[in-house]
Amino acid sequence: MEIYCERVRDLLNPKSRGALRVREHPILGPYVQDLSKLAVTSYADIADLMDCGNKARTVAATNMNETSSRSHAVFTIVFTQRCHDQLTGLDSEKVGTLPPTVPT
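Under the UniProt record's numbering, the first residue of the sequence shown carries the number 1, and numbering increases by one thereafter.
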């Protein structure tokens with residue numbers, strides 16, 4: 001997502017032109033409503049999405065740089081590990097985020 005002029009925009013969804021809304025979950029904390037969530041299976045997938053998002057960022061000329069970014073870009077990676085115990089037949093799942101989410 002991109003934060004520019006106090007507006008939040010989804011960099012991976014070109015159809016979302018309007019500002020997205022920042023909400024507060026009572027347990028999980030702040031989140032952006034309707035922000036894209038995409039599944040990846042490799043670092044190459046992540047790099048491709050980061051490149052796509054960076055190309056969609058707002059840029060403008062400054063005195064120091066012709067194509068200076070005029071915004072802040074933020075991303076979160078959610079890691080999901082699924083395990084199957086062959087002895088018990090039970091499935092388990094561990095989830096973590098980068099950067100870590102901190103309840104408020």
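Just so it is clear, CB atoms sit at the ideal spot from N, CA and C, and this is done for glycine as well.
As the structure is a computational prediction, the values presented were derived from the model and not from experiment.
Original post:
Rounded to whole angstroms, how far is the Cβ of V32 from the Cβ of L20, which I believe are closer than 8 angstroms?
Top reply: 5 angstroms
Subject >> Extent of the continuous beta strand (DSSP E) to which L98 belongs >> reply: 91–98
**OP:** Taking all protein chains shown into account, decide if D45 is buried (16 or more other Cβ within 10 angstroms of its Cβ) or exposed.
**Re:** exposed
**OP:** Note down the Cα distance separating R82 from N13, rounded to an integer number of angstroms.
**Re:** 28 angstroms
Subject >> G53, enclosing alpha helix (DSSP H) - first and last residue >> reply: 43–55
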